[in-house]
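Asks:
There are 2 protein chains.
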Amino acid sequence: MAWLTATYLIASAPERIEERAEALAIEQSVECPPEAVHDARIRDEIVARVASIEPAGEHRFRVNVRIAVQTTGGETAQLINMIFGNCSLWENVQLTGLELPPELLARFTGPRHGIAGIRELLGAPHRSLTSAAMKPQGMHVPAIATMCRTLARAGVDIVKDDHGIADQAYSPFAERVAACQAAIAEAVAATGKPSFYAPHLIGTPRTLRAHARIARDAGVRVVLVAPMLVGLPAFRDLVDEFPEFVYLAHPSFGGAARIAPALLFGRIFRLLGADAPIFVNYGGRFAYSQDECGTLTATAREPWGDVRPALPVPAGGMRLDRVEELLAFYGPDTMLLIGGNLLLAQGDALEARAREFVTTVEGIGARASA
Amino acid sequence: MAWLTATYLIASAPERIEERAEALAIEQSVECPPEAVHDARIRDEIVARVASIEPAGEHRFRVNVRIAVQTTGGETAQLINMIFGNCSLWENVQLTGLELPPELLARFTGPRHGIAGIRELLGAPHRSLTSAAMKPQGMHVPAIATMCRTLARAGVDIVKDDHGIADQAYSPFAERVAACQAAIAEAVAATGKPSFYAPHLIGTPRTLRAHARIARDAGVRVVLVAPMLVGLPAFRDLVDEFPEFVYLAHPSFGGAARIAPALLFGRIFRLLGADAPIFVNYGGRFAYSQDECGTLTATAREPWGDVRPALPVPAGGMRLDRVEELLAFYGPDTMLLIGGNLLLAQGDALEARAREFVTTVEGIGARASA
């Protein structure tokens with residue numbers, strides 16, 4: 047008999063929390079009145095149980111619920127169903143934690159590359175890493191390819207599609223991948239420094255697979271995927287079928303108010319194979335606190351069975367003048383992702399601005415490791 | 047130049063709402079500072095724009111944003127990305143509405159069967175319809191098959207797996223489908239009344255497809271899928287590849303606090319092919335109001351281009367003694383889904399209780415159409 051533990055933050059009057067916690071355990075397992083469970087085996091082995099209830103602020107409680115591993119069938123979609131299916135529809139419940147026993151954790155490979163694999167690919171064993179997003183969507187392919195070359199020439203490690211760039215008529219996927227791969231190869235030949243283009247894979251599972259094949263055939267090594275947009279189970283299938291890619295995971299459609307960001311982006315995305323979860327940085331245009339970002343980062347990197355550590359990628363309203371502060375906070379096992387702030391400049395000025403970003407990041411990394 | 051309109055409910059101080067609305071339009075399109083958009087075509091054709099801001103209560107505003115159709119690429123995942131990608135990560139923003147221009151709507155087939163197709167399948171042109179869920183998960187296949195036969199003998203139109211029943215070792219999918227199909231055939235032979243077993247399809251896209259084939263080969267006509275669990279794009283692929291199934295759409299993992307229930311379950315699920323969206327009924331163990339349920343039901347059924355009306359399926363803490371009230375509220379184009387409340391009884395008593403449910407629903411339907 048093995049059990050996983052899911053943790054929920056529940057808003058409740060103190061006199062009602064026991065009842066609510068019990069109701070949640072029922073909702074997330076047999077989902078029927080306990081008196082409708084006529085079989086003793088099911089009561090003993092299948093019905094979830096409340097393991098603990100702790101105060102977590104005024105009218106808030108942290109509730110640990112033990113859920114039978116056998117109910118998950120060891121499968122991605124059903125695991126999500128069991129930990130946050132119906133109770134996602136409840137008011138005032140947030141999923142904040144997930145602990146899997148070793149036999150269930152072993153069903154998930156996690157990142158195929160992780161921090162170490164990304165460092166090896168980039169030939170950068172110690173320093174902090176850089177990424178830049180190509181924006182705005184709507185650019186035609188030649189303009190995107192030019193921007194890609196410029197950013198790679200400036201020394202950016204990973205040049206990625208903006209997550210709004212999909213397979214639109216103005217920049218079709220196959221044409222864009224070919225052009226950006228050629229552009230980046232040209233830049234790498236000039237600089238002698240490794241740099242990779244990461245196209246955005248988005249669509250239904252059939253499209254994802256078709257696009258992944260195109261990317262693989264074009265020599266792409268790093269891709270961008272938004273697991274909540276394509277669906278967590280589809281993300282899992284993609285990683286299983288194309289393990290050669292390094293996966294940057296984008297938080298789009300993460301609706302993170304109902305699942306704690308550290309859990310969703312730092313742990314669940316990692317569990318399903320994200321090598322480098324992108325998340326919204328504190329002090330930018332999103333409402334994440336520094337504490338939340340710190341917890342998320344620690345969660346992505348912490349030891350977890352045989353699951354490789356994932357590389358945290360803070361992003362969202364990132365500015366050049368914050369690089370020093372951010373690396374001091376996040377440390378070197380971090381990839382800083384900068385988007386719009388670089389793109390205030392164009393052409394040669396863009397290259398200079400991107401180079402400033404790269405040298406600042408790498409300079410701090412070098413000082414730290416010296 | 048075609049534009050879709052997405053509607054958001056935003057909590058904001060009145061003096062800040064214009065700025066927040068503009069920021070949302072940028073976030074959901076080019077996602078960079080407006081001054082980083084150097085191309086006039088992109089400013090004119092790609093950048094989303096605020097169409098209107100209306101008060102919607104104290105410190106709440108309803109904001110219509112026009113988003114360029116070409117940014118969606120006519121594709122499911124990217125459509126979701128454009129309407130609620132990054133801004134799902136904002137605090138105090140709810141997606142509440144979606145209007146698609148005809149050329150974009152035409153890219154989506156919607157329900158393949160809808161209300162009319164379900165009525166035809168069931169041979170029930172006018173009356174209200176019934177469904178029952180088999181619970182609790184953990185039962186072995188023979189027990190599930192027996193329950194399936196009992197409920198079909200009682201005359202229930204659609205007997206469905208509980209959404210917690212997946213492909214666990216205690217009731218493997220293929221074995222369960224074969225046994226339940228045999229059980230229901232036996233009941234139908236005895237009663238002469240059509241009745242259908244709806245197995246739960248859940249898993250990664252590869253599993254979904256494999257299970258759908260097993261179900262189709264076994265003669266299954268109705269299936270249960272939770273679109274948010276399997277991922278909206280994977281749901282779309284499934285419906286496209288297996289259009290012969292009637293799709294009951296389960297709200298699990300719907301996290302509906304961030305997307306208005308009427309929009310997610312009544313409109314988006316329908317757009318992607320749900321024939322019958324299940325939703326949580328008012329006055330049960332979920333917090334939906336009667337108003338919300340009424341809006342959801344109206345949204346599922348309302349005329350919408352060439353998209354067929356979908357059959358609303360209220361569920362969740364449904365009780366026999368509420369049937370009359372609920373049908374008076376929802377009207378005959380409704381399928382009532384009852385789960386745990388029936389299962390307080392077992393064996394012959396369960397059959398009698400299920401028959402009472404069926405005759406009550408059908409009796410009210412007959413009176414209403416007389």
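These protein sequences, in sequence, are chains F and C.
Note that the first sequence covers residues 47 to 416 in our numbering.
Note that the second sequence covers residues 47 to 416 in our numbering.
Backbone N, C-alpha and C fix where the C-beta goes; we use that ideal spot for every residue, glycine too.
Since the model is a prediction, treat every value here as computed from it, not as a measurement.
#1: Starting from Glu290(F) and walking both ways along the alpha helix (DSSP H), at which residues does that stretch end?
#2: Does DSSP put Asp207(F) in a helix, in a strand, or in coil?
#3: Examine chain F for any beta-carbon lying closer than 7 Å to the beta-carbon of Ala416(C), and answer yes or no.
#4: Within its chain, find whatever has a CB closer than 6 Å to the CB of Leu373(C); leave out the 5 residues flanking it on each side and keep chain order.
#5: Do you know offhand how far Pro289(F)'s Cα is from Arg158(F)'s?
#6: Ala416(C) by DSSP, collapsed to three states: which one?
#7: Any beta carbon from chain F within less than 7 Å of Ser134(C)'s own beta carbon?
#8: From Tyr334(C) to Thr343(C), what distance separates their C-alpha atoms?
#9: Are Phe154(C) and Leu278(C) touching if we call contact CB-CB under 7 Å?
#10: State the Cα-Cα distance for the pair Pro165(C) and Lys206(C), rounded to the nearest angstrom.
#11: Where does Val268(F) sit, in a helix, a strand or coil, going by DSSP?
#12: Closer than 8 Å is the cut-off here; do at least three beta carbon pairs connect the stretch 137-151 of chain F with the stretch 255-262 of chain C?
#13: From the DSSP output, read off the bridge partner residues of Ala114(C).
#14: Would you tell me roughly how many angstroms separate the C-alpha atoms of Cys194(F) and Glu65(C), rounded to the nearest one?
#15: Answer with yes or no whether the minimum CB distance from Thr345(F) to chain C is below 7 Å.
#16: Can you pull the chain F residues whose beta carbon is under 8 Å from the beta carbon of Ala283(C), in chain order?
#17: Mark Asp90(C) as exposed unless 16 or more other C-beta atoms lie within 10 angstroms of its C-beta, in which case mark it buried.
#18: Mind checking Met47(C): buried by the 16 CB within 10 Å criterion, or exposed?
#19: When DSSP builds the beta bridges, which residues end up paired with Ile99(F)?
#20: With DSSP collapsed to three states, give me the class of Glu121(F).
#21: If I'm right that Asp379(C) touches Ile161(C) with Cβ under 8 Å, what's the distance once you round it to whole angstroms?
#22: Between Asn127(C) and chain F, is there a C-beta pair that is closer than 7 Å?
#23: Using a C-beta to C-beta distance shorter than 7 Å, which residues of chain F count as neighbours of Tyr216(C)?
#24: Chain C partners of Pro358(F), CB-CB under 7 Å?
#25: Contact check, Pro307(F) vs Ala356(F) under 8 Å by CB: the rounded distance?
#26: Please confirm whether Tyr54(F) and Val96(F) have their CB atoms less than 7 Å apart.
#27: Quick check: is the beta carbon of Pro147(F) nearer than 7 Å to any beta carbon in chain C?
#28: Does the beta-carbon of Ala52(C) have 16 or more other beta-carbons within 10 angstroms, so that it is buried, or is it exposed?
#29: Take Gly62(F) and list the residues in its own chain whose beta-carbon comes closer than 7 Å to its own, dropping the five residues that flank it on each side.
#30: With the cut-off set at 7 Å, would you say His296(F) and Ala280(F) are in Cβ contact?
#31: Could you tell me whether the Cβ atoms of Leu275(C) and Asn127(F) are closer together than 7 Å?
#32: Hey, is Glu65(F)'s beta-carbon within less than 7 Å of any beta-carbon in chain C?
#33: Ala333(F) touches chain C at which residues, Cβ-Cβ below 8 Å?
#34: Ignore the nearest five residues each way along the sequence and tell me which others in Asn387(F)'s own chain have a CB closer than 7 Å to its CB.
#35: If you check the beta carbons only, do Val115(F) and Ala94(F) fall under 7 Å apart?
#36: Name the chain C residues whose beta carbon is nearer than 9 Å to that of His209(F)?
Replies: Answer, in terms of the structure:
#1: That residue, Glu290(F), is in no alpha helix (DSSP H); it is neither H nor E in DSSP.
#2: strand
#3: Reliability fails at Ala416(C), whose pLDDT of 49 lies under 50, so the model's placement of it is uncertain and no value is given.
#4: Ser174 and Ile410
#5: 6 Å
#6: Residue placement at Ala416(C) is poorly supported in this model, since its pLDDT is 49, which falls under 50; the coordinates are not used for a value here.
#7: yes
#8: 13 Å
#9: no
#10: The residue asked about is misnamed: residue 165(C) is Arg in this sequence, not Pro. If you take the alpha carbons of Arg165(C) and Lys206(C), they lie about 17 Å apart.
#11: strand
#12: no
#13: Trp49(C)
#14: 31 Å
#15: no
#16: According to the sequence as given, residue 283(C) is Asp; it is not Ala. The answer, in chain order, is Thr250, Pro251 and Arg252.
#17: exposed
#18: exposed
#19: Val109(F)
#20: coil
#21: 5 Å
#22: yes
#23: Gln116
#24: Ordered by position in chain C, no residue passes the 7 Å Cβ test against Pro358(F), which lies about 16 Å from the chain.
#25: 14 Å between Cβ atoms; not a contact.
#26: no
#27: no
#28: buried
#29: In the sequence as displayed, the identity of residue 62(F) is Arg instead of Gly. Cβ neighbours of Arg62(F) beyond the five flanking positions: none.
#30: no
#31: yes
#32: no
#33: Trp136 and Glu137
#34: Met364, Arg365 and Leu366
#35: no
#36: Glu77, Asn127, Gly131 and Asn132
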